[in-house]
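Enquirer: Residue numbers (my numbering): 86 to 416. Here you go, one structure.
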């Protein structure tokens, strides 16, 4: 039964939809632990990390659909629904941050999708509850079945991003910094870095096949790499064997491989080309790859800009706040 008091009806819509959403998310997490059992002992991390289609479509859509039942007697213009869906999404994000330990940046990236699908569920739900309440109730088990089906087949896609940077330094001058460069003292000014995303600081290692290349990031995060190709003054390639342990990255974004290539420009300078391969355990992957590709390019920008400065023996460089630094040229 719906509360007759509008305030209580509004509250009930928020409360019940949040409880159902949290329960569905727990169901997805439990199924992931059962069927996708790497790090099965880390339920919270796995819940927050391996996000699928259910998280960004089925669950928010279902939450909006359920809330619509309690809000049938309230004003239902599209602006009302949009505001209620936005507030419900905001509550869900706070809950994910507090209960599931989801990172602020991940929630920020996902907020638009969550809001759109919750709003859609609210609009569709109001139509169904008014026209055919029996059919609406029968859709609830179907919703749970879809969540289960999606969770047992979690999505994963691999992407590659390449960037190029022109340096006036020679390949010989740049090569020694491909595996080992000192700490970058310049602040990471890109806005996601300023929000807490780890930025590259330093690399230690030897540019030989079988050697190690360990990258230190801000916030005490590091990445472990094993060098598999080392062609002096031409190419360094490595595989990732230790992932960065950071709540904004772990499980969502899995680094697989990296490559740095140096091409003489014919004028004494070098074209640096960086390629990173990574896997996204999140859907819709195409949407989140827009964010991931931008992050990878910013990482390349900071590393190549610092290598360029070191190779030319100059003491100043501005950290890039976009894909191009103050020195060098991006292609």
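All C-beta atoms, glycine included, are put in the ideal place defined by N, C-alpha and C.
Would you kindly work out how many angstroms separate the C-alpha atoms of residue 364 and residue 374, rounded to a whole number?
Expert: Distance between the alpha carbons of residue 364 and residue 374: 10 Å.
Enquirer: Do you know whose CA, among 284, 282, 281, 301, lies nearest residue 290's CA?
Expert: Here the closest residue by C-alpha is 301.
Enquirer: On a Cα-Cα basis, can you pick out the residue from 362, 247, 246 that is closest to residue 310?
Expert: Measuring from the Cα of residue 310, the nearest candidate turns out to be 362.
Enquirer: Looking at the structure shown, is residue 157 part of a helix, part of a strand, or coil, going by DSSP?
Expert: Residue 157: coil per DSSP, three-state reduction.
Enquirer: Roughly how many angstroms lie between the CA atoms of residue 178 and residue 168, to the nearest whole one?
Expert: Using only the alpha carbons, I get a separation of about 15 Å.
Enquirer: Check for me: the beta strand (DSSP E) holding residue 343 runs from which residue to which?
Expert: Where residue 343 is concerned, the enclosing beta strand (DSSP E) stretches over 338-349.
Enquirer: Give a yes or no on whether the C-beta atoms belonging to residue 157 and residue 242 are separated by under 8 Å.
Expert: No, the pair does not count as a contact, with Cβ atoms beyond the cut-off.
Enquirer: Residue 261 by DSSP, collapsed to three states: which one?
Expert: It is coil, neither helix nor strand.
Enquirer: Assuming contact is defined by CB atoms lying nearer than 8 Å, are residue 155 and residue 87 in contact in what I supplied?
Expert: Going by C-beta atoms, residue 155 is nearer than 8 Å to residue 87.
Enquirer: Are the stretch 250-267 and the stretch 376-396 in contact at 8 Å, needing three or more beta carbon pairs?
Expert: With the cut-off at 8 Å, the stretch 250-267 and the stretch 376-396 touch.
Enquirer: Quick one: what does DSSP say residue 288 is sitting in, helix, strand or coil?
Expert: Strand at residue 288.
Enquirer: Measure the C-alpha to C-alpha separation of residue 366 and residue 206 and round it to an integer number of angstroms.
Expert: C-alpha separation (whole angstroms): 24 Å.
Enquirer: Using the Cα positions of residue 275 and residue 259, report the straight-line distance between them to the nearest angstrom.
Expert: Using only the alpha carbons, I get a separation of about 24 Å.
Enquirer: So, residue 273 versus residue 344, is the Cβ gap smaller than 8 Å?
Expert: Not in contact: residue 273 and residue 344 (Cβ atoms no closer than 8 Å).
Enquirer: Compute the Euclidean distance between the alpha carbons of residue 203 and residue 96, then round it to the nearest angstrom.
Expert: Residue 203 and residue 96: Cα-Cα distance of roughly 16 Å.
Enquirer: Hey, could you find the ends of the alpha helix (DSSP H) residue 243 is sitting in?
Expert: Where residue 243 is concerned, there is no enclosing alpha helix (DSSP H), although the beta strand (DSSP E) it sits in stretches over 242-252.
Enquirer: Can a CB atom of chain B be found closer than 8 Å to the CB of residue 171?
Expert: Protein chains in the displayed structure number just one, and chain B is not present.
Enquirer: Based on the DSSP secondary-structure assignment, which residues constitute the bridge partners of residue 361?
Expert: 246, 343, per the DSSP bridge assignment.
Enquirer: Suppose you measure from the CA of residue 383 to the CA of residue 257; what does that come to, to the nearest Å?
Expert: Computed Cα separation, rounded: 24 Å.
Enquirer: When the Cα of residue 145 is compared with those of 173, 166, 165, which residue comes out closest?
Expert: The residue with the shortest Cα to Cα distance from residue 145 is 173.
Enquirer: Quick one: what does DSSP say residue 273 is sitting in, helix, strand or coil?
Expert: Residue 273: coil per DSSP, three-state reduction.
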